[in-house]
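Taking it in order: structure first as structure tokens, then the write-up.
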């Protein structure tokens, strides 16, 4: 018997002072059996950092044709493709051809640094790709704080991110590897 997805109910509050975007949403996130809670929380953070009209979650990590997150405008044109983790660089090239902007959030500490060293030169050619690294200490900590029913607040000011999960607040300064 195949394992099913675990549903996480999130009450998300976003206070993004850099973009002047303020929002409250109730989300139901499905965590694939092969997905870690760390990756789930990185997906949630990426959602909060780009929240806006038309932003939706893709169908999941088992589908290479979908982005982790994507945003279409009212005419159906794909404006934003967001990935998390260490994807195959062919996926990023394909996404770059389909969307106006592609953003990758890497995490995983040393393995992410090695991935960037191996693929950074090739990815530099993609003019619409932005690569942002999240420190392992932060992503592991938010993954450890994940629960199935949770209140999460994300505040952004001057590119510094505060993420509050229930009553614990963590701070991160994402590192831009490629603008």
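In our numbering, the protein residues as written are 1 to 179.
Every residue, glycine too, gets a C-beta built ideally from N, C-alpha and C.
From a predicted model like this one, the values you see are computed outputs, not experimental measurements.
Hey, residue 134 and residue 107 are a contact pair by Cβ (cut 8 Å); roughly how many whole angstroms apart? If you number the chain shown from 1, residue 134 lands on position 134. If you number the chain shown from 1, residue 107 lands on position 107. Indeed they touch by this definition, with Cβ atoms about 4 Å apart.
Near residue 22, which residues of its chain fall below 8 Å by C-beta distance, leaving aside the five closest residues on each side in sequence? For this step, residue 22 is matched to residue 22 along the chain shown. Correct list, in chain order: 14, 15 and 16.
Member of 99, 19 and 126 whose CA lies at the smallest distance from the CA of residue 49: Your numbering for residue 49 matches position 49 in the chain shown. If we check each option's Cα against that of residue 49, 19 comes out closest.
Distance, residue 167 Cα to residue 80 Cα: Locating residue 80 in the chain shown gives position 80, where the first residue counts as 1. Locating residue 167 in the chain shown gives position 167, where the first residue counts as 1. Taking the straight line from one Cα to the other gives about 32 Å.
Could you pull out every residue in the same chain whose Cβ sits closer than 6 Å to the Cβ of residue 152, ignoring the five residues on either side in sequence? Along the chain shown, one-based indexing puts residue 152 at 152. Closer than 6 Å at the Cβ level, and outside the excluded window around residue 152, lie 10, 12 and 165.
Where do the N-terminal and C-terminal ends of the alpha helix (DSSP H) with residue 114 fall, by residue? Position 114 of the chain shown, counting from 1, holds the residue named residue 114. Element bounds for residue 114: 110-123.
If distances are taken between C-alpha atoms only, which option among 77, 58, 74 and 76 comes closest to residue 68? By one-based count along the chain shown, residue 68 stands at place 68. Among 77, 58, 74 and 76, the Cα nearest to that of residue 68 belongs to 58.
Let me know if residue 71 comes out buried or exposed under the rule of 16 or more other beta-carbons within 10 Å of its beta-carbon. Position 71 of the chain shown, counted from the start, is the residue given in the question as residue 71. Counting Cβ neighbours within 10 Å, residue 71 comes out buried, since at least 16 surround it.
In the DSSP assignment, find the beta strand (DSSP E) that holds residue 71 and state where it starts and stops. For the purposes of this step, residue 71 is taken as the residue at position 71 of the chain shown. Run containing residue 71: 69-72, per the beta strand (DSSP E) assignment.
Which residue from 121, 73, 33 and 39 puts its Cα closest to that of residue 100? Within the chain shown, residue 100 is the residue found at index 100, counting from 1. Checked all of 121, 73, 33 and 39; the closest Cα to residue 100 is 73.
So, at 8 Å on beta carbons, what are the nonlocal neighbours of residue 142 in its own chain, with the 5 sequence-adjacent residues on each side left out? Start at 1 with the first residue of the chain shown, and residue 142 comes out as number 142. If we look at residue 142 and ignore the five residues flanking it on each side, its Cβ neighbours are 38, 41, 42, 45, 163, 165 and 170.
How would you call residue 175, buried or exposed, if buried means at least 16 neighbouring beta carbons within 10 angstroms? By one-based count along the chain shown, residue 175 stands at place 175. Classification for residue 175: exposed.
Measuring only the C-alpha atoms, how far is residue 136 from residue 119? Taking the chain shown and counting its residues from 1, the one referred to as residue 136 is at position 136. Taking the chain shown and counting its residues from 1, the one referred to as residue 119 is at position 119. Those two C-alpha atoms are separated by around 19 Å.
In angstroms with no decimal places, state the Cα-to-Cα distance between residue 114 and residue 86. Your numbering for residue 114 matches position 114 in the chain shown. Your numbering for residue 86 matches position 86 in the chain shown. Straight-line Cα distance between these residues: approximately 10 Å.
CA-to-CA distance, residue 127 to residue 140, given in whole angstroms: Position 140 of the chain shown, counted from the start, is the residue given in the question as residue 140. Position 127 of the chain shown, counted from the start, is the residue given in the question as residue 127. Rounded to whole angstroms, residue 140 to residue 127 spans 30 Å at the Cα level.
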